[in-house]
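For the sequence shown, the residue numbers in our numbering are 7 to 860.
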Amino acid sequence: MITSEEIKRRLWDGANELRGSMDASRYKDYMLGLMFYKFLSDKTIEAFKVTSGLGNMAESELVEEYTKARAEYGEQLDKMIQNVLGYYVKPEYLYQTWLKDINSGEFEVQKVTDSLNNFERTIAVSGDSSDFKGLFSSSTLDLTDTALGSNLNERSKSVKALILLFADLNMVALQKGDVLGDAYEYLIGQFAMESGKKAGEFYTPRQVSEVMAQIAAKTPDIKTIYDPTVGSGSLLLTVKKHLDKDVQDDLRYYGQEKNTATYNLTRMNLLLHGVRPEKMTIKNGDTLAQDWPEDPNHSNEGVQFDAVVMNPPYSVKNWNKAGLKVSDPRFEVAGVLPPDSKGDFAFLLHGLFHLGQNGTMAIVLPHGVLFRGSSEGEIRERLLKKNYIDSIIGLPSSLFSNTGIPVVVTILKKNRKINEPVLIIDASKSYIKVGKQNVLQEKDIAKIVDTYVERREEKGYSHLATQEEIQKNQYNMNIPRYIEAVDGEIPHDVDAHLLGGIPRKNINELKILQSTVPDLMEQSLKGIRSGYVELVKPIEEISSDILSEPRIIEQLKKLESKAKSYVDKYYGILRNGKVDIDSIPLMEEEMLDEIKGILSEFQNIDVYDGYQIVAEIWKNALTHDTEIIALSDFYTAGRTRELNMVTKGTGDKKREEQDGWVGSIVPNKLIAKQLYSDELAKIESKNIRIQEIETELLDLVEAAKAEDSDEANALNGILNEVVEAFESKLVKVEMKKAIKGTVEYKLLSKVEKLFTDKSALSKAVKEDEKALKEAVQERILTLTNEEIDNLMYEKWFGNTVDAMVALVERSLKTELNTLQMLHNRYADTLSAMDDESRDLESAFEALMNELVVK
7 MITSEEIKRR
17 LWDGANELRG
27 SMDASRYKDY
37 MLGLMFYKFL
47 SDKTIEAFKV
57 TSGLGNMAES
67 ELVEEYTKAR
77 AEYGEQLDKM
87 IQNVLGYYVK
97 PEYLYQTWLK
107 DINSGEFEVQ
117 KVTDSLNNFE
127 RTIAVSGDSS
137 DFKGLFSSST
147 LDLTDTALGS
157 NLNERSKSVK
167 ALILLFADLN
177 MVALQKGDVL
187 GDAYEYLIGQ
197 FAMESGKKAG
207 EFYTPRQVSE
217 VMAQIAAKTP
227 DIKTIYDPTV
237 GSGSLLLTVK
247 KHLDKDVQDD
257 LRYYGQEKNT
267 ATYNLTRMNL
277 LLHGVRPEKM
287 TIKNGDTLAQ
297 DWPEDPNHSN
307 EGVQFDAVVM
317 NPPYSVKNWN
327 KAGLKVSDPR
337 FEVAGVLPPD
347 SKGDFAFLLH
357 GLFHLGQNGT
367 MAIVLPHGVL
377 FRGSSEGEIR
387 ERLLKKNYID
397 SIIGLPSSLF
407 SNTGIPVVVT
417 ILKKNRKINE
427 PVLIIDASKS
437 YIKVGKQNVL
447 QEKDIAKIVD
457 TYVERREEKG
467 YSHLATQEEI
477 QKNQYNMNIP
487 RYIEAVDGEI
497 PHDVDAHLLG
507 GIPRKNINEL
517 KILQSTVPDL
527 MEQSLKGIRS
537 GYVELVKPIE
547 EISSDILSEP
557 RIIEQLKKLE
567 SKAKSYVDKY
577 YGILRNGKVD
587 IDSIPLMEEE
597 MLDEIKGILS
607 EFQNIDVYDG
617 YQIVAEIWKN
627 ALTHDTEIIA
637 LSDFYTAGRT
647 RELNMVTKGT
657 GDKKREEQDG
667 WVGSIVPNKL
677 IAKQLYSDEL
687 AKIESKNIRI
697 QEIETELLDL
707 VEAAKAEDSD
717 EANALNGILN
727 EVVEAFESKL
737 VKVEMKKAIK
747 GTVEYKLLSK
757 VEKLFTDKSA
767 LSKAVKEDEK
777 ALKEAVQERI
787 LTLTNEEIDN
797 LMYEKWFGNT
807 VDAMVALVER
817 SLKTELNTLQ
827 MLHNRYADTL
837 SAMDDESRDL
847 ESAFEALMNE
857 LVVK
C-alpha cells in the first residue's frame, strides 16, 4: 500500500541519487519525460485489457496477449485503443518491453529513442496530433547528451537506472485520487527549488498558486480557464482542484508557453492529472509577440475566458521585439504601450483582453506596478478609472526560489459595480521561515481568501480604498499609502518614567481584557493621580483571578464541548470507513471550513490559529492515513505493517536494508507508549541510572583535575585529559599497582564499579529495547478494534481539543503579559533611580575613605 507521500519521497530520493552533477532544471526533462512514457504505456495496456474483455492477470501476461493481438489485428487494434485514449503505444515500444530487455541483458538506449520517435509518428488525436506533437523531441529528451554519461555505456547505465525507478509503479492505479498527478507536481516543485533562478520559467510556488486559484475558483459558471505564461501548468491545475467535480468534468484548459521543454512539461502534467486531450489547448509560442488565442469567427478579437491566471516573468526587458503598436487590440484599453524596459503591464493587458465579462483574473507582479510612473502610471490610472482593478494583495518577500523580491497578486474584473472600492490586503508579514524561503501557512492563505471574499477591513491588514482616496493619491497604489503597519511596540510615557504609574490609556488599549472582564481589571488597579494607575496585587494573582473567573470558565467549557463534538464527528467518519480516495480533498476542505465556523462563534479568538491546527493534522497524518484506509478499511489498515527500510553505507556501498516493521497507520512508538508502558518505565529507569552514573564519573573527573587531591593522586593514571574522561581499560592496570585498603584503591574500585554497572545497564537497555521493538512489531498484527480506536484517536486528535481551548487563554495571556511589561517598565521612577545612584556614590566614597595608603 504505497501512498502519494511515499511515492514522492522515493522518486525524489532516486532523482537526487541518479542525476549526479546534472543541472536539476535539465534533469527534470529526462525524469518527468520517462515517467510520463510509463504512464502512456500503462494506459495503453489497461485500455487493451478493458476493450478486450480480459480479466485479472499479471502485467507480463497482459503484454504478451497485447503482442499477440497486435500481430493478429494490426491497425484495427491501434484504432480501437486510440478511440479510447486518443493515443496508443505499440507492444514493441512499451515501457514494459524496455524492462524486459533490461532483465534479459538486451537493453540498448537506442530502443528508448526508437520508442519515443515511434510514438510521435503514430499519434493522432481527432485528426490532430498537436496535443502530443514534440513531447519527446530530441530538444527535450536528448539521450545522446554527455551529461547523462561520457560514453554510450555510461549513458546506458544512467537511462536504465531511471527506467527502473518507475518499474513497479502502476500509473493507472495511481491516477485514481490524483495520486500520480500529485506526485508529478511535487517533483516539478522539488526540481524548481533545486533549479534556482531557472525555476521561474516553469513553476509557481504552491502557496502563491493557492491564493490565486482559490480566488479565481469563486467565479460562477467557470467553463474555460487560460494561463498565457503557463509554465508547468500548476496554476491551471490548482484552480481545477478547487472546483466542483461536475465543473471539472466540463472545464477546458488553455495555455501558452514560450520555452519548448516547459511547454512539453505542461502537456504531460495536464494529462497525468486526468485532463482529456480534447479538453486542453496548449500552444508553444511567445504570448506578447503575437496574440493568442484569436477568435476564428471575429478578426482581431481574442477568445474570452471565464478565468485567467498567470505568473509572468517579472519586468522583462525588450519585450516588444515584434514592434507592437498601441493599436494592438490588447493595448487599446490602456491608450499607451507599456515601456519596452518592463513587460509587467504588457502581460497584464494581454490577460485582461482575454478576460470574459463575468470572469476573474489573477496575476502575480512585482510591487513596482503599483507606483511606477510615466506610461505605467498612465496605464494604472486608466485601469483604475475603468474600474477593472478589484483587489491588490501584497505578499511576503522570498516566496519564490528564483527571486527574493516581494510580489503582489492583482485581481481584475470587468463587471465591478460603479464606484466599488478596491480591496487592498497587506499579507506581507504573514509567513514562517523554512530554510532560506518564506512560506505562507494554510491559515495565511485562508485569511487572504476569506478577506477577499468577504471584502472586510482589518486595521493593519486590509482596507477598502475608495475612488476619492485613490485620486487623492494620484493613482499611486503603493500599499503603505492605504494600510498603516500596526506597530506592536507601545510608546514610552515620559511622565510615567518620572513619577511612576501605568498610563490609563495603555490599560484602555487592552481591548480583550476590557471587553471580557472589565470589572476584574478595575479591581486590580488603583489610581495614583489623574491618568495613571498601579497594580494592587502581583500580576500572577491577577492572571489567576481572570483565568479562573466563571465567565472565562464557561467560555472554555463551551468551546471544549464544541471542539469535542467536532473531533468525534470526523473521527467517526474516518473510523467507520466512509473514506473514498476521490473524496479525501473534499473531507479536508469540509473539516477546515467547519472549524472556522465553530471558532467564529467565540469572541477574541484568532479563528485562523484554529484553522492551522486542523491543517497540521492533515499535513502530518491524515493525508497519508486516509489514502491507506481508502484502499482497505480502518481496522485492516490498523493491523497492517510494512517493511521499515533504512539507508546504510555511503557512496558505492550505499544500500537500503530492512530494519524490522512499522505500522501502516499506527505508529510503533504510540503502541509502545499505550500498550507497553511498564516495559518503557523499566527501560527509562535504567537510562536514568546510566545518566546518574555518568554524572558521578564526571564529578570524579573534575575532582581528579584538582591538584594535590586524593582523587588526583589516585585517578590521574586513568584520566585522559584531552577528552576529559577516564579510560576504563586502564582501571585494572592501576588497581594492580595500588595497595588494597588505601584511599587510592577505594577510588579506583569505585570507578571500576561505576564502569561495570554502566556497561551492564547499557547492555540490559539494548536487550530490553530489542525485545520491546519485536513485541510491538508483532502486536501490530493482533491489535484489537478497541486498541486501534484508542491509538488512532490519540495519533490524530490526541491534543486537538486542548489546543482549541487554549486559543481562548492565548489572547488573554498575551494582554496579561503586556500588563506585566507595563508594570515592569514604570516600576522604577527616574527619581528613585537618582536616589539609588546617590546612595551608591555615598557608599563608594565611604569605602574609599576607609582605604589607607601605606
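Quick reminder that beta carbons are idealized off the backbone N, C-alpha and C, glycines included.
Local conformation of Ile-430 per DSSP, three classes: Position 424 of the sequence shown, counting from 1, holds the residue named residue 430. DSSP places Ile-430 in strand when its eight states are reduced to three.
Pick from Asp-612, Pro-486, Gly-341, Asp-639 that is closest to Asn-582, judged by C-alpha positions: Here residue 582 is taken as the residue at index 576 of the sequence shown, counted from 1. Of the listed residues, the one whose Cα sits closest to Asn-582 is Asp-639.
Residue burial classification, Pro-556 (beta-carbon count within 10 angstroms, cutoff 16): Along the sequence shown, read from residue 1 onward, the residue named residue 556 stands at position 550. Flag for Pro-556 reads exposed.
Where Met-41 falls, given that 16 or more other Cβ within 10 Å makes a residue buried: Within the sequence shown, the letter at position 35 stands for residue 41. Answer is buried; the Cβ neighbour count reaches 16.
The beta strand (DSSP E) enclosing Ile-75, as first and last residue numbers: Translated into positions along the sequence shown, residue 75 becomes position 69. Note that residue 75 is Ala in the sequence shown here, rather than Ile. Not the beta strand (DSSP E): Ala-75 falls in the alpha helix (DSSP H), residues 65-79.
Whole-number beta carbon distance between Ile-385 and Pro-319, since they are thought to touch under 8 angstroms: Taking the sequence shown and counting its residues from 1, one reaches residue 319 at position 313. Taking the sequence shown and counting its residues from 1, one reaches residue 385 at position 379. Contact doesn't hold; Cβ gap of about 18 angstroms is too wide.
contact_flag[the stretch 453-462, the stretch 486-499] where n(CB pairs < 8 angstroms) is 3 or more: No: fewer than three Cβ pairs fall under 8 angstroms.
Whole beta strand (DSSP E) elements within the stretch 634-691, 3-residue minimum: 647-654, 661-669
Residue from Ala-678, Glu-448, Arg-695 whose Cα sits closest to the Cα of Ser-768: As a first step, residue 768 must be located in the sequence shown, where it is residue number 762. Nearest option by C-alpha distance: Arg-695.
Per-residue burial, Pro-544 [other beta carbons within 10 Å of its own, 16 or more giving buried]: The count along the sequence shown starts at 1 and reaches residue 544 at position 538. So Pro-544 ends up on the exposed side.
CA-to-CA distance, Ile-288 to Arg-15, given in whole angstroms: Here the question's residue 15 lines up with position 9 in the sequence shown. Here the question's residue 288 lines up with position 282 in the sequence shown. For Arg-15 and Ile-288, the distance between alpha carbons rounds to 30 angstroms.
Short Cβ contact (8 angstroms threshold) for Trp-667 with Arg-645: Within the sequence shown, the letter at position 661 stands for residue 667. Within the sequence shown, the letter at position 639 stands for residue 645. No.
Whole-Å CB distance - Ala-685 paired with Leu-778, under 8 angstroms assumed: Within the sequence shown, residue 685 is the residue found at index 679, counting from 1. Within the sequence shown, residue 778 is the residue found at index 772, counting from 1. For the record, residue 685 in the displayed sequence is Glu; it is not Ala. Confirmed, Cβ separation roughly 5 angstroms.
Stretch pair the stretch 610-625 + the stretch 660-675: three plus CB contacts closer than 8 angstroms: no
Unbroken alpha helix (DSSP H) run spanning Pro-591, endpoints: As a working note, residue 591 is residue 585 in the sequence shown. Counting along the chain, the alpha helix (DSSP H) containing Pro-591 begins and ends at 590-605.
Backbone CA spacing between Met-177 and Ala-731 [nearest angstrom]: Within the sequence shown, residue 177 is the residue found at index 171, counting from 1. Within the sequence shown, residue 731 is the residue found at index 725, counting from 1. Cα-Cα distance, rounded: 58 angstroms.
Span of the alpha helix (DSSP H), counted from its first residue to its last, around Leu-504: Within the sequence shown, residue 504 is the residue found at index 498, counting from 1. Run containing Leu-504: 500-505, per the alpha helix (DSSP H) assignment.
7 angstroms Cβ shell around Val-86 - same chain, five flanking residues per side excluded: Here residue 86 corresponds to residue number 80 of the sequence shown, with the count starting at 1. It is worth fixing the name first, because residue 86 is Met in this sequence and not Val. Result list for Met-86: Thr-57, in chain order.
Test item: CB-CB of Glu-733 and Leu-754 under 8 angstroms: Stepping through the sequence shown from its first residue, residue 733 is reached at position 727. Stepping through the sequence shown from its first residue, residue 754 is reached at position 748. Taking C-beta atoms as the reference points, Glu-733 and Leu-754 fail to come closer than 8 angstroms.
Cα-Cα separation between Ala-21 and Asp-188, rounded to whole angstroms: Here residue 21 refers to the residue found at position 15 when the sequence shown is read from its first residue. Here residue 188 refers to the residue found at position 182 when the sequence shown is read from its first residue. The alpha-carbon atoms of Ala-21 and Asp-188 are separated by roughly 17 angstroms.
Nearest-angstrom Cα separation, counted from Tyr-99 out to Gln-82: Locating residue 82 in the sequence shown gives position 76, where the first residue counts as 1. Locating residue 99 in the sequence shown gives position 93, where the first residue counts as 1. So the alpha carbons of these two residues sit roughly 18 angstroms apart.
Nearest candidate by alpha-carbon position, reference Thr-806, set Val-573, Pro-427, Lys-420: To locate residue 806, count along the sequence shown from 1; it is residue 800. The option with the nearest alpha carbon to Thr-806 is Val-573.
Euclidean distance between Cα positions of Asp-292 and Ser-215: In the sequence shown, counting from the first residue as 1, residue 292 sits at position 286. In the sequence shown, counting from the first residue as 1, residue 215 sits at position 209. The alpha-carbon atoms of Asp-292 and Ser-215 are separated by roughly 22 angstroms.
Classification of Leu-787 by the beta-carbon crowding that lies within 10 angstroms, buried from 16 upward: Looking up residue 787 in the sequence shown gives position 781. The residue in question, Leu-787, is exposed, as its Cβ has fewer than 16 Cβ neighbours within 10 Å.
Status (buried if at least 16 other CB within 10 Å, exposed otherwise) for Met-810: Residue 810 sits at position 804 when you count from the first residue of the sequence shown. It is buried - the Cβ of Met-810 has at least 16 other Cβ atoms within 10 Å.
Every unbroken alpha helix (DSSP H) inside the stretch 420-465 [4 residues or more]: 448-460
Integer Cβ distance of Leu-371 from Ile-395, believed to fall under 8 angstroms: Translated into the one-based positions of the sequence shown, residue 371 becomes position 365. Translated into the one-based positions of the sequence shown, residue 395 becomes position 389. Incorrect: roughly 12 angstroms between the Cβ atoms, too far for contact.
8 angstroms Cβ cutoff met for Glu-191 and Leu-243: For the purposes of this step, residue 191 is taken as residue 185 along the sequence shown, with counting starting at 1. For the purposes of this step, residue 243 is taken as residue 237 along the sequence shown, with counting starting at 1. Contact flag set, yes.
Cβ-based neighbour list, Asn-514, same chain, cut-off 7 angstroms, excluding 5 preceding and 5 following: Working through the sequence shown from its first residue, we reach residue 514 at position 508. So the list reads Gln-520, once near-sequence residues are dropped.
Option nearest Ser-321 by Cα separation, candidates Asp-334, Gly-341, Val-309, Asp-350: Counting from 1 along the sequence shown, the entry for residue 321 is found at position 315. Out of Asp-334, Gly-341, Val-309, Asp-350, Asp-350 has the C-alpha closest to the C-alpha of Ser-321.
As assigned by DSSP and simplified to three states, the class of Ala-770: The residue given as residue 770 occupies position 764 in the sequence shown. Correct three-state label for Ala-770: helix.
Simplified DSSP state of Pro-283, which is helix, strand or coil: On the sequence shown, position 277 is the one that residue 283 refers to. Note: Pro-283 maps to helix in three-state DSSP.
Residue burial classification, Phe-142 (beta-carbon count within 10 angstroms, cutoff 16): Taking the sequence shown and counting its residues from 1, one reaches residue 142 at position 136. Looking at its Cβ environment, which holds 16 or more other Cβ atoms inside 10 Å, Phe-142 is buried.
Chain B within 8 angstroms of Leu-170, Cβ atoms only: Chain labels in this structure do not include chain B; a single protein chain is all it has.
Counted within 10 angstroms of its Cβ, other Cβ atoms place Gln-618 as buried (16 or more) or exposed: In the sequence shown, counting from the first residue as 1, residue 618 sits at position 612. It counts as buried.
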